[in-house]
Every structure is written in structure tokens, then in C-alpha cells.
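Everything on this sheet refers to the single structure shown next.
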Amino acid sequence: MNHSSAYADYTTGEPLADAKAPDGPIADRWDTRRFQAKLVNPANRRKHTVIVVGTGLAGGSAGATLAEQGYHVVQFCYQDSPRRAHSIAAQGGINAAKNYRNDGDSVHRLFYDTVKGGDFRARESNVHRLAQISVEIIDQCVAQGVPFAREYGGLLDTRSFGGVQVSRTFYARGQTGQQLLLGAYQALSRQIAAGNVEMHPRTEMLDLVVVDGRARGIVARDLITGRIDTYFADAVVLASGGYGNVFYLSTNAMNSNATAVWRAHRRGAYFANPCFTQIHPTCIPRTGDHQSKLTLMSESLRNDGRIWVPRAKGDDRPPNKIPEDERDYYLERIYPSFGNLVPRDIASRAAKNVCDEGRGVGPGGQGVYLDFADAIRRMGRKAVEEKYGNLFEMYERITAENPYEVPMRIYPAVHYTMGGLWVDYDLQTTVPGLFAVGEANFSDHGANRLGASALMQGLADGYFVLPSTINDYLARHPHQDEVSAEHPAVQEVVAETEDRLNLLLSVDGDRTPDSFHRELGEVMWEFCGMARTETGLRKALERIPQIREEFWRRIKVPGAGEEFNQSLEKANRVVDYLELAELMCLDALHRAESCGGHFREESQTPDGEAARVDEEFSYAAAWEFTTTGGAPVLHKEDLVFEYVHPTQRSYA
Amino acid sequence: MKLTLRVWRQKNAAADGAMSTYEVDGISRDMSFLEMLDTLNEELIVKGEDPVAFDHDCREGICGACSLVINGDAHGPERTTTCQLHMRSFEDGDTIDIEPWRASAFPVVKDLVVDRSAFDRIIQSGGYISAPTGSAPEAHAAPVPKPDADSAFEHAECIGCGACVAACPNGSAMLFTSAKVNHLNVLPQGAPERETRVLDMVAQMDEEGFGGCTLTGECATACPKGIPLPSISAMNKEWLRATRKVGR
Amino acid sequence: MTRTLWDSTIGKKTVMAVSGLIMLLYLFAHMFANLKIFFGPEEINRYAHWLRTLGEPFLHYEWTLWLVRVVLVAAVVAHATSAYQLSRRDIRARPTSYVHKRRGATFATRTMRWGGVILGLFIVWHILDLTTGTVHPGGYEHLRPYQNVIDTFSTWYGNVIYLVAVTALGFHVRHGLWSAAQTLGVGTATRDRVLKPLATGLALVLTAGFVSVPVAVMTGLVS
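Chains as they are written, first to last, in the numbering used here: chain A, 70 to 721; chain B, 5 to 252; chain C, 5 to 227.
Here it is as C-alpha cells:
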């Protein structure tokens, strides 16, 4: 294996087109596609096996629904129970164009808001379908017993969320993700009990089995015994989530990882827009090098809190000793009309800028104040407590600081990845028979995701889209040959997997998997984080192969492969981060425009805002893998906007 | 901070285990308990020793993966999950005992990791509402009185961590089971399966080898999400009602 | 239905709750009857006789008493069998205890289990002492409870056994009554605020009522 070579650059291949998207009026396209799709006779469905990797909102709902339809589902998760997938941590809510408020909402408005929020880098057809389905999701979840917040009349409550002017977000206190996930988990559990889903918890997918050009199974490791097994199916669905953990510190779960999507990419699935990552402005800052992950604080705090830093560099007086005229309420200063309520990407970048100037607060100078003193004076402590009590409590638990008395400290953190495996309208990747749903695909959010839209997309994909499209593939390939473990293609994948793990165990170096992960994360955060430059990205592209080379020389993984070995799990995930990171940087480098979460300092308006370059970059960048460290091939899928016309955003 | 840790080490389910002692130094008061264990593990890996295995994932108190008994308390001295416990709850020089959940229904997998699949099987036995995708009526077709919706939510907050079982001297899963029964049985959507749900879930709970409830209240005290003890009484009521009605 | 009850932990708890409540009712009756000792031998001895003629002429002499005895024995057997089986199950469910022990964690459970055993042994002695007279100190006289009771409480061990048992009974009733309410599904957060003090109060009344007799004998109030 050659682990050290750097990207020579990239080559441009054939343009890519979404062959499955129907034409015609946008509102009819989903119906058209569903009608065109071939169906599998109900009696034949149980003869088809579908593998689903992941049990979050997308995977859990897909597994349950496919099983309800009669397919035989074999499902995997690395957690000890499917109920623990990281969708569970989503706080805010789920959007749906129900228009229960009669406030002018509609499917078209949700569609419009999402395309615009994604800074015109998403497919119109997909987003419109998402908006249509949003309505059914709420019905489905209520029927499952998801305890959404309700009003005294017994009807569902909604609230407003960032970036939109209607109240369309359904929620279950600050635990919407948990409640929706438990709904999907319970539906899945019902199918497990019925024998329609064969569930493999604590089993991690390590590679994809492709036979005769089609996805036919996966290689997975039993995390308890360490045994490596192959599982075969007629189609494989990846619902393995995003890749935010490339940054080491993120709001993702500790074990969320990119191995499933990255290994699929290496087997032929194109990876689209890897540089589109979302950085959330209100997270609790890190307290030191020991920090293992970051915790999000609801964005709603910015409604009443004022964000500031000291005017002078290195001012380390306690916040209440800094007089009013020595404070810089920088968001209010730079964006007088939107003030503290500018969109996520703008608030995040502004915080980074003041910290880079040396005016950051707290340990390491990586934080800004979010001050409620004015709000407490204006509304009274009791009113603040009623509105934000649980968030203040959570903050105090983590930081041991009382936000009623000292301002909160916040800092942006990696939160979500809009990029992912390229999929067509049917959610099928470029490998026939391989599908990707939820955060694992790139489909609906363009360059920036709106709040409360991740849950909507995950459930739309899993409950409604995939179960209506996968049948077309299965119906067209009704009699696939049996694949056996002896098939050369299978043996090759298994051997590669075993070799990789054995190599990790045998290097016997002096550095831990975490130390490499942290080092990579620092490089990514510095050069491929909130603001990116050509120089920085080139630096990162130089550093990453060096870290990779050092990794394979100095990695230390104690223990053996045939046992419960968390260090081995971790090390193997870092292997894939070290490759994916490079593609992210390359994608960020090639996209010499700013859009959504991707901010290139070279491409900004005179007042410092993101400047899109539609003439050159109105496409989704789908990358084809060649070799580790080798130049990948770029395939462009042009984005056509017939219904929402691209405009430049302004918040000053 | 400098601490002495006494940690349960057990190679696998079949092996015998014992407490091992480790010293850790340079622990910051701002670290979470799991970050303190990370620090220990980083040292162990470099020394070529087997790091301490423990379950953890979201580290923000919601996934329910973390599961340590710290100085005899499930999730430690504060009423929260282990991942949200911070080292400021301890003093420099403290000796801390760390053990896995103990219950015969939760066998140890390795070190501090246990097998909680019994909980999944309890849910599989009836902890759901049968509503296949596509069959749902309009969401507003059945209004739910706010007190019922709030009560359902309160019980639905359970994260399935198993602290209730770990804290219970009888290793009973009554609080866990009651949380799901009460979540679903209070809702109009849950009504058609109201009786079978509670009967089947309780039967599965017994089958898994969890102990019975002697109402010591340890479970509710340990529960990081505050599922209240009267949930158990409410489930008993549901169960007796179902036994009368279904008569099986 | 019977099978569901007996096969399930909740069912067994229900059996315990119902049998416990039956015994509790009896105990209150027993305790009030005991207090007759303060009104002289005539009153309580007459009462002992009445117990046997209760239900006449419809029922034969002593039939009511035997009926009560049968119900009580059934309750004791059901209560004890459930308790034994549940305890076995509970102990099996937690085979390994924590190395780091916490104090007080199992207080209620322990007092219930040991209290139950103590009460069981006490009942045997109590019957042999004051019903059959088999182990009675001094001359046991049928249908003369006043004298018999004084005999028993004139021995040191009679007092010790009785006081220990009645104390155990107090603890047992305090947790058991509240526990039975939970098992039968009566407990809610609001009702618990009443139920707990109520259980404690009733346990205290019961204990005080029973304790008053040996104390009265010891202090010479009754002789």
C-alpha cells in the first residue's frame, strides 16, 4: 500500500445526469416517478433481501417500512441497540408544510425556503418532493405515538425556526430527534419481532461487496467477537449518517463515522459535494485538549442573548468587570438590521474572525459571550427562566457557570454534513443496487441546511422515498445469481478488510488512534473549517498525506482482532477519515466560490459576504475514486433552476 | 487532580473479572467523567496495555449508551448520565470505584460494557403502536388532551440506559417497562393494543430474568431522565385491568 | 387468568398485596380485641367465648372461627409462597453485588424479607403459646385469654419475642401497605403524598396497640 502520495490534483470526467428524475410540472414529478417505477409482486417480496446499514431516522424508518412491505431486511448498527443512533440527539424540531397556522405556508413555500436556504446548490425536483412528503411524515409519526407538543385544545403545536417566516416546525420539547427516532425504532422492533427484520446490533460495516457491477452485500465485523462476516442481499441501503467527525471535534456522536460511505465510495459510488459542511454558531466551547466532543445549545438563545467580545485584544478581565464602552457587540455593529439573528454561517464566521483577532474569551481564547444581562433586566429573571430554563441548566451542568450571573460562552462547531454519496432521484448511488438515505446522501440541502430539515429529510427518505423507488431496481433484477462467500470478488473484499485490520494491529507504533484523529481534526478545522482559502487548503492537502504516512508508521492498537477491541474500531475509522479529509479539501479547493456553509475568502462581496459564482459552479460535484492519494475524477451534475431563481443573500 | 481508580476488568463474558487499580494525574475539573477515562485509556494504549472498555456515544446525555456504576451509584453522584458527570464532582486524591451495571439480564461483555439487548426484546414484545407506513390518518384527526400528551412525553423521555436495573437491588426492569407502557397506553393511538401491550411486555420482562419490584425507589432515584416511581403503579394498574379484560 | 397471575411477577405481587391486606384487616380486629384486656378478665374472656358462638344458630359452634382460620392460613401460605418465590427470583436477578457498597440501598427490601421470616416464626410460636397452649408457660387454660396472656408476658422471653415481632410487624406494614397500594395500581404522585404517611400512621397505631399489652403486664397495670 502506498499511503504517502499526495493528490496530483484531479481530472474532469463525463458530466453526470440524474436519469431517474421525471420531467413535467414539478408538483407532479413524484407521482410520475412512482407510477413509472416497476413494482415487485407482494408474493415475491419476501424472496428479496435488502441490507440496511444504520438505524437512525433514515435507516430505522427504511428498515421498518421495507419489512412492512414484505421484503426480507437484514439491518446493522454499531451501537448496542438500534435505539441509540445519533438522530436521537437532534433537539429543535421537524418542518412540515401543514399550514395548521394558516400563516401562508404551503408545499411550494417550504420547497422555496429550502432551495434558497441551500444557497441554490440542491436539485429542485428532490427538494420539492421533500416538501410534499413532509406533510405525510407528521401524520405517520403521530399515528406511531410520537408525543409532539400539543396545545390545550389537543392539537399539535408548532414554532418558528431560523430563516423562515412561517411557523411550521413541529417539536417535542428539546428532544424531537429522540422522539422521532424512538417512533422509528419501535416500528422496526415490531418488524424484528415479526421475523421480517434480522437485526445485527454491535456490528459495523467495513466494506461493500460489489459483484458484476452491482452491490450485493457487505463485509461487517461483529464488535463483540471481532469476527468478520459477509452478508449478501439483492440491494444495499446505506443510512450511516454524516461525516462531521472528520473534524474530530463536532456535535456528532463519538462513534459516528464515515467508513460505510467511504468504503462504498472506494467501490465505485461517487461522493458529492464533500466540502459542504455546516458549522453551528452556538455550541459550548472546548475547555482544553481533553475535549472529546462538543455540545450544541439551541439556536433560539440568540433571540434574547447579545453576543460580544472585549474591544481590546487579550483582555482577560472577568466579563462583568469590562465596562459597556469597552465591549464590542460585533454582530449588532456589522449587521445592524439582523443583529444577533443573522443566519448560522454568518454568525459562525464572525465569531471566528474576532477570535482570530485575539479577542476571544475563555480558555484558549476560543469563545464569545452570549449575554443575557439585558434580557434579564428587560424581561425579568423569571421570564428568562421560563423561556430558556432547561438550556441554562444544561449549560451550567457542563461549564459550572451560572448563565444568569455570568454571560454564556459559545463557539461554533461542526454539526452536519450536506455532502454525501451522490444519488439519483431514486436515491440510488452510481453503484447499481446501492442506495443512500438520510445524511449519508447529498440530495436535498445543497450548500446549507435549514434548521429542522434534517429530521424531515431522514424520515422522508426512509418512510416514503426509498420504499417507493427501490422496488423499481428489485423488479428489474428479479433473479440475481446467488452470491457465495467463495466468489472471488467476495474473497478479495474480505481479504482486503482482514489485511487492513491486521496491519493496524501489527504496526505496534507509539501513537494512539485518537492522537491522529485529533491532529487531523485540527488541520481540517484550521484550513477546511468556517473560512477556506486556496493557500490554506493547499497546506491541508500537503499535511494530510503526511499524517496518513505517519499514521501507518506509528499507530498503536493493543489487543487482537478477534475480540471486543474499541481501539481497533477507532483506528479503522481514522484510516477512512484520513482519506475522506483529503477529498473534502480538494472539493473545497476546486469550488472557488462561496456558497452556504462553504466560504472561500477569495470569493466575497465588498462587505464581506459569501459570493456565489453561478456561471461557473452551479453544479453538484460528484467525485469518482481512483486510488488512495491518487487524483480523483470530477463529474459535474448541472443544476437547473426552473422554479426558484438564484439571488444573492444580504443581511446587513 | 490526581485520582486513584479502581476499575472492573473482565476480558470477556466467559472470563472472571476483578477490580484493577490505576492512578491518573493531570485531570482537569472541567473534564467529563468519560474524558477522564479517555485520558487513562490513552496512557494504557501507549503502554501497550488493553484500554478499559466502556459504552458511550453521544456524550450529551440522550443516547443512553453510557452505563457506569461510580462509587456504587448508577451514573455516579449526580442525577445525570455518566457522560454529563464532570470531574468537579470529585476531589483531588479521591479513590473512585467504577463497575459495570450488575444484573443477570445484563451480562458483562467486557470490562464495563454490558449486554442490554433484553430491553430491545421487551420493546419488540409490544412497545410500539402498529401503524405501518402509509396507513396514518391526518395528524389532527385525533386530538390528544394536553395533559395526556404531556404525560406520554414524560414517559417517552426514557433513554433506555438501564440505570434503573443497575440501581435496583432486585435487578428489576419495572421502571423501564412502565415508561414505555405509560407512554403508549395513555394515547388514543395506543388504545387498540392497550391490553396486549402491557401483558406481553411484562411477560417478556419476566422472561428475561429481571427481578420483581419491591418498591425501594432506587430506580427512580437513579433515573437520569426523572421517570417517576408512580409509573410502576400506573403500569400495575394497566396490567390488572388488562388481565381482567382479556382474561388470559 | 389464574395462570397469568401466578406466572407473572406483577401477579405474584398482587397475590401478596391482597393476602397482605386480608391479614392486615385481621390484625386490626385482633389488636382492638386485645385492648379489651384493659377492661378486666371478664370482658376479654367473654369475648373469647363469643368468637366461638359467632354466627349461631346459622353456623355450628366455632365454625366461624374456623372459617376465619382457614382464610388466614390461606393468606399466610399465599403471601409466604409468593414472597419466597419472588425473593428467590430477585436474588437470582442480581447475582453479583457491587464491590462498592452503598448504605441504606436495600433497607426496605431487607426489612421486608427478614421481617417476614420473623413474623412467620412468631406466628408459629404465638399459636403454640396462646391457641394450643403447647409451649405455654404455666398452666394454659382454654378460653381464659386474660390469664394466659399474663402468664406469657410474665416471662422475659415472652416479652422479648413479642416485642421483636411487633416491631418487625410495624416496619412490615409500613412498607407493605404502601407497596400493596402501588401493586394494586392505586399509587400516583399526588396520592403518594397521602399514602405514605397513611401507611406509617396505621403501622404506628397497630404497633402501639399491640405493644400496650405486654407493657401493661410488665408495669403491673394489668395483672
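For each residue, glycine too, the CB sits at the ideal point set by N, CA and C. Remember, it's a predicted structure, so these values are computed and weren't measured experimentally.
Rounded C-alpha distance that separates residue 231 of chain B from residue 156 of chain A: Cα atoms of residue 231 of chain B and residue 156 of chain A: separation of roughly 22 Å, rounded to the nearest angstrom.
Proximal chain C residues relative to residue 224 of chain B, where beta-carbon distance stays under 9 Å: Near residue 224 of chain B there are no residues of chain C at all, since even the closest Cβ is about 11 Å away, more than 9 Å.
Contact criterion: CB-CB distance below 9 Å. Does residue 340 of chain A meet it with respect to chain F? No chain F appears in this structure, whose protein chains are A, B and C.
Own chain residues within Cβ distance below 7 Å of residue 172 of chain A, not counting five before or after: Cβ neighbours of residue 172 of chain A within its own chain (closer than 7 Å, five residues either side excluded): 235 and 236.
Contacting positions in the segment 601-634 of chain A - beta carbon closer than 9 Å to chain B: Under the 9 Å Cβ criterion, the segment 601-634 of chain A contributes 625, 626, 627, 628, 632, 633 and 634.
Chain C beta carbons: is any one of them nearer than 9 Å to that of residue 241 of chain B? So yes, residue 241 of chain B belongs to the interface.
Between residue 82 of chain B and residue 454 of chain A, what straight-line distance do the alpha-carbon atoms span, to the nearest angstrom? So the two alpha carbons sit approximately 22 Å from each other.
Beta-carbon of residue 673 of chain A versus every beta-carbon of chain B: anything under 9 Å? Cβ-Cβ to chain B under 9 Å: no for residue 673 of chain A.
Where the beta strand (DSSP E) through residue 352 of chain A begins and ends: For residue 352 of chain A, the uninterrupted beta strand (DSSP E) segment begins and ends at 346-352.
Residues that residue 40 of chain C contacts on chain B, provided the C-beta gap is smaller than 8 Å: In chain order: nothing, as chain B lies at least about 36 Å away.
Given this structure, state the Cα-to-Cα distance separating residue 77 of chain C from residue 62 of chain C, to the nearest angstrom. Cα to Cα, residue 77 of chain C sits roughly 24 Å from residue 62 of chain C.
Is residue 317 of chain A closer than 9 Å to residue 692 of chain A when the C-beta atoms are compared? Not a contact, by the Cβ cut-off of 9 Å.
Mind checking the segment 8-37 of chain C against chain B and listing, in chain order, the residues whose C-beta falls within less than 8 Å of any C-beta there? Listed in chain order, the positions of the segment 8-37 of chain C with a beta carbon within less than 8 Å of a beta carbon of chain B are 8, 9, 11, 12, 13, 14, 15, 16, 17 and 18.
Are the CB atoms of residue 347 of chain A and residue 483 of chain A within a distance shorter than 9 Å? With respect to residue 347 of chain A, residue 483 of chain A sits close: the two C-beta atoms are nearer than 9 Å.
Assign residue 297 of chain A to one of three DSSP states: helix, strand, or coil. Residue 297 of chain A: strand per DSSP, three-state reduction.
Counting only beta-carbon atoms, is residue 102 of chain B nearer than 9 Å to chain A? Between residue 102 of chain B and chain A, the shortest Cβ-Cβ separation is not below 9 Å.
What residue range is occupied by the uninterrupted beta strand (DSSP E) comprising residue 160 of chain A? That residue, residue 160 of chain A, is in no beta strand (DSSP E); it is neither H nor E in DSSP.
Could you tell me the boundaries of the alpha helix (DSSP H) in which residue 427 of chain A lies? Unbroken run through residue 427 of chain A: none, as it is neither H nor E.
In chain B, which residues lie less than 7 Å from residue 82 of chain C when you measure between Cβ atoms? Residues of chain B passing the Cβ test: none, with the nearest at roughly 15 Å.
Let me know if residue 598 of chain A comes out buried or exposed under the rule of 16 or more other beta-carbons within 10 Å of its beta-carbon. Buried.
Taking contact to mean 3 or more Cβ pairs, one atom from each stretch, closer than 8 Å, check whether the segment 494-502 of chain A and the segment 540-550 of chain A are in contact. Judged by Cβ distances under 8 Å, the segment 494-502 of chain A makes contact with the segment 540-550 of chain A, as three or more pairs qualify.
Check whether the segment 654-673 of chain A and the segment 591-606 of chain A are in contact - that is, three or more C-beta pairs closer than 8 Å. In short, these stretches touch, since the Cβ pair count reaches three.
Taking a contact to mean a Cβ-Cβ separation below 9 Å, would you say residue 170 of chain A touches residue 227 of chain A in this structure? Closer than 9 Å, so yes.
Could you give the DSSP three-state label for residue 165 of chain B: helix, strand or coil? In the structure shown, the three-state DSSP call for residue 165 of chain B is coil.
Taking Cβ-Cβ distances below 8 Å as the criterion, which residues of the segment 171-194 of chain C are in contact with chain B? Answer in chain order: 179, 182, 183, 185, 186, 187, 188, 189, 190, 191, 192 and 193.
Per DSSP, what are the beta-bridge partners of residue 690 of chain A in this structure? Checking the DSSP bridge columns, you'll see residue 690 of chain A partnered with A:705.
Close Cβ partners of residue 37 of chain A (< 7 Å) along its chain, the five nearest in sequence each way excluded: This structure gives no information on residue 37 of chain A, because the portion of chain A shown stretches from 70 to 721.
Assuming residue 95 of chain A and residue 712 of chain A are in contact, meaning their beta carbons sit under 8 Å apart, how far apart are those beta carbons, in whole angstroms? 6 Å between Cβ atoms; contact.
Quick one: is residue 228 of chain C near chain B, going by C-beta distance under 9 Å? Residue 228 of chain C lies beyond the range of chain C shown here (5 to 227); nothing can be said about it.
Output the distance between the C-alpha atoms of residue 637 of chain A and residue 571 of chain A, rounded to the nearest integer angstrom. Roughly 10 Å between the two C-alpha positions.
Determine the extent of the alpha helix (DSSP H) in which residue 218 of chain C is found, giving its start and end residues. Taken as a continuous stretch (DSSP letters only), the alpha helix (DSSP H) holding residue 218 of chain C covers 193-223.
Residues near residue 94 of chain C in its chain [Cβ-Cβ closer than 8 Å; skip 5 each side]: Correct list, in chain order: 113.
CA-CA distance, residue 145 of chain B and residue 207 of chain A? Distance from the CA of residue 145 of chain B to the CA of residue 207 of chain A, rounded to the nearest whole angstrom, comes to 12 Å.
Ignoring anything shorter than 4 residues or poking outside the segment 385-470 of chain A, list the alpha helix (DSSP H) runs there in chain order. Counting only runs of 4 or more, we get 399-403, 413-425, 442-448 and 450-468.
Pairs of beta-carbons, one from the segment 182-192 of chain C and one from the segment 234-247 of chain B, closer than 8 Å: are there three or more? Look at the beta carbons and you see the segment 182-192 of chain C touching the segment 234-247 of chain B: at least three pairs across the two are nearer than 8 Å.
Can you have a look at residue 71 of chain A and say buried or exposed, based on whether 16 or more other CB atoms are within 10 angstroms of its CB? Any reading at residue 71 of chain A must be qualified, since the residue scores a pLDDT of 40, below 50, and its modelled position is unreliable; the value itself is stated next. Exposed.
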